[in-house]
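Trainee: Under UniProt numbering, the residues of the sequence shown are numbered 1 to 369, in order.
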Amino acid sequence: MSTPDELDSPPSDAISSLRFSPSNTLLAVASWDRSVSVYQRTPDTPSQPFAFSSTRIQCRAPVLDIAWGADDSTLYSVGLDHDVRSINLETQEQTILSTHEAACNKVAYSAEHGVVLSTSWDSTFHVYNTSTNQFLRVRLPAKPFALGLTATRAIIAMAERKIFVYDLQALRMLVDQAGRTANGTGPNHDVTEIVPWQQRESSLKFMTRALACMPDGEGFATSSIEGRVGVEWLEAGEQGKTYAFKCHRQTTTAAVGTDEGEEEEQREVDVVYPVNALAFHPLHGTFATGGGDGVVCVWDAQTKRRVRQYPKLAASVAAMDFSSDGKFLAIGVSPGFEDGKEDEEVDAGNVSVVVRELGENEAKGKPAK
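#1: Using CA atoms only, rank isn't needed, just tell me which of V38, S86, G219 and R139 is closest to G237.
#2: Assuming C104 contacts L64 under a Cβ cut-off of 8 Å, what Cβ separation, rounded to an integer in Å, is found between them?
#3: Out of E232, V191, R60 and G292, point me to the one whose CA is closest to L174's CA.
#4: Work out the CA separation of E193 and R139 for me, nearest whole Å.
#5: According to the neighbour-count rule (16 or more other Cβ atoms, all chains shown, within 10 Å of its Cβ), is G184 buried or exposed?
#6: Tell me, which residues are paired with F287 by DSSP?
#7: Quick one: Cα of D5 to Cα of A178, how far?
#8: Taking 8 Å as the threshold (C-beta atoms), are I163 and S224 in contact?
#9: Which one of A28, S9, S316 and D8 has the shortest CA to CA distance from T17?
#10: With H248 and D321 assumed to form a contact (beta carbons below 8 Å), what rounded beta-carbon distance in angstroms separates them?
#11: Hey, which unbroken runs of the alpha helix (DSSP H) at 4 residues or more fall wholly within the segment 136 to 181?
#12: At what residues does the beta strand (DSSP E) containing E268 begin and finish?
#13: Could you tell me which whole beta strand (DSSP E) segments of length 3 or greater appear in the segment 188 to 254?
#14: Anyone know if the C-beta pair for G285 and P367 falls short of 8 Å?
#15: Got a sec, what are the start and stop residues for the beta strand (DSSP E) V351 sits in?
#16: Does the structure place the segment 7 to 16 close enough to the segment 327 to 335 that three or more beta carbon pairs sit under 8 Å?
#17: Between the Cα of G114 and those of A67, V355, E357 and L7, spot the shortest distance and give me the residue it belongs to.
#18: Leaving out the 5 sequence neighbours to the left and right, which residues in its chain are closer than 7 Å to G186 when beta-carbon positions are compared?
#19: Go ahead and pull the three-state DSSP assignment for K327.
#20: Which residues does DSSP pair with residue 383 in a beta bridge?
#21: Using the three-state DSSP reduction, which class does G365 fall into: helix, strand or coil?
#22: What did DSSP end up calling P4 once you bin it into helix, strand or coil?
#23: Take E360 as the anchor and find which of V353, D325, W121 and Y310 has the nearest alpha-carbon.
#24: Please name the residue in V231, V295, P22 and T252 whose C-alpha comes closest to that of F280.
#25: Of all the options V78, S21, D176 and G69, which has the alpha carbon lying nearest to the alpha carbon of W32?
#26: Using CA coordinates, which residue listed in Q250, Q239, P282 and F287 is at the minimum distance from D270?
#27: Spatial neighbours of T253 within its chain, please: CB distance less than 8 Å, with the 5 preceding and 5 following residues excluded, ordered by chain position.
#28: Can you name, in chain order, every residue of its own chain whose Cβ lies under 6 Å from the Cβ of S323, other than the five neighbours on each side?
#29: Just curious, the beta strand (DSSP E) that Q48 is in, first and last residue?
#30: Would you decide whether T289 is buried or exposed? Buried here means 16 or more other CB atoms lie within 10 Å of its CB.
#31: Comparing alpha-carbon positions, which option in R308, P46, N88 and V229 lies nearest V36?
#32: Under 8 Å between the Cβ atoms of M158 and A170?
#33: What does DSSP give as the partner residue(s) for Y39 in the beta ladder?
#34: For I155, collect the residues of the same chain with a Cβ closer than 6 Å to its Cβ; drop the 5 residues on either side in sequence, then sort them by chain order.
#35: Within a Cβ cutoff of 6 Å, which residues of the same chain sit near A30, ignoring the five residues on either side of it in sequence?
#36: Check R17 in the structure and name its three-state DSSP category.
Printed below as a string of structure tokens:
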């Protein structure tokens, strides 16, 4: 099994997102400390595969998500300042692409279509064409929680168990026809109503925490605050394969009250942790889950079996990403709400970025029983 490497110079506050660059030589980490930190591949140092590059970009507000652009020189970021930004890593210059009316929580880039998608708590998403600098503002029926892209689809999970699937080519065409140029001076109020390619109800009953798409684009996985993961397929003929399962739960002993005057009993109870992070392995099609229990597990979506469970980390798993060559798994570790200290400042000593260099078959699926 691989051994984890904890990177030097982590952010000073909770980690919100981390992403490998298209070449897999850089790892960007977004944080609530208003920064985006960049770590660089160090192939000559096998014991430390990535090291801090001395690049830490300061933003106006806590950064909630990031995405790489077409190459290693461009990052897109969103956060509590309502702006969708493009960051030039060579100059560290930041450009506002569009502005939402509330905090932006998710961003993704489609290399196939050259568009940036961002979602916001104002119940809209923006589609930005990187070649024309035009964007479209699209209304959503509920507050968005998670966003994922395949080569052809955009999937948005929302409150009220709503999941909308959009065709990326159609979105690109709409931007070209009806988009406006962003000027970065404030909220852009024109809202477009679009009928999605597909509407569906989530297989999970509680609030969605994360969403990740299968590498082949055939389906996706979602996770919830209730320690469950749902695996779903997009095409109507495949939707019968949809399933959900429990995970990231621990059995512990707790005192349970009885009738007045009687002593409390010690009983076994299930402690349920949110599944905060999901990531699919790009080659094997297995996926990793990261929970509030500080545990990372790898699962086979096809055979419905757990492939591996890694040793518990020091705090909650906040974010994860596989490199596109499948050799590395990056894990953002931060104290979460599970410890009951949500009103306290995050202890920077408990924030870490862990990178696992994976063995050749470490994330490979298991045959069905």
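Glycine included, each C-beta is placed from N, C-alpha and C at the ideal position.
Small disclaimer: the values here were computed from a predicted structure and weren't measured.
Mentor: Here's the rundown:
#1: G219
#2: 7 Å
#3: V191
#4: 6 Å
#5: Confidence is the limiting factor: at G184 the pLDDT is only 45, short of 50, which leaves the residue's position unreliable, though a coordinate-based value still follows. Classification of G184: exposed, given that the 10 Å Cβ count is below 16.
#6: F280 and W299
#7: 48 Å
#8: no
#9: One detail in the question is off: residue 17 reads as Ser in this sequence, not Thr. Ranking A28, S9, S316 and D8 by Cα distance to S17 puts A28 first.
#10: Their Cβ separation, rounded to whole angstroms, is 19 Å, which puts H248 and D321 out of contact at 8 Å.
#11: 168 to 178
#12: E265 to V272
#13: 198 to 201, 208 to 213, 219 to 224, 228 to 233 and 243 to 246
#14: no
#15: Looking at the DSSP string, V351 is not in any beta strand (DSSP E), and its letter there is neither H nor E.
#16: yes
#17: A67
#18: For G186, the predicted model reports a pLDDT of 45, less than 50, meaning its position is unreliable and no value from the coordinates is stated.
#19: coil
#20: The displayed coordinates of the chain run from 1 to 369. Any statement about residue 383 would go beyond what the structure contains.
#21: coil
#22: strand
#23: D325
#24: V231
#25: V78
#26: Q250
#27: Q266, R267, E268 and V269
#28: F20 and N24
#29: Here Q48 belongs to no beta strand (DSSP E), and DSSP marks it neither H nor E.
#30: buried
#31: N88
#32: no
#33: L27 and F52
#34: G148, V165 and F220
#35: S16, S17, V36, V63 and I66
#36: A small correction: the amino acid at residue 17 is Ser; Arg does not occupy that position in the sequence shown. If DSSP states are grouped into helix, strand and coil, S17 belongs with the strands.
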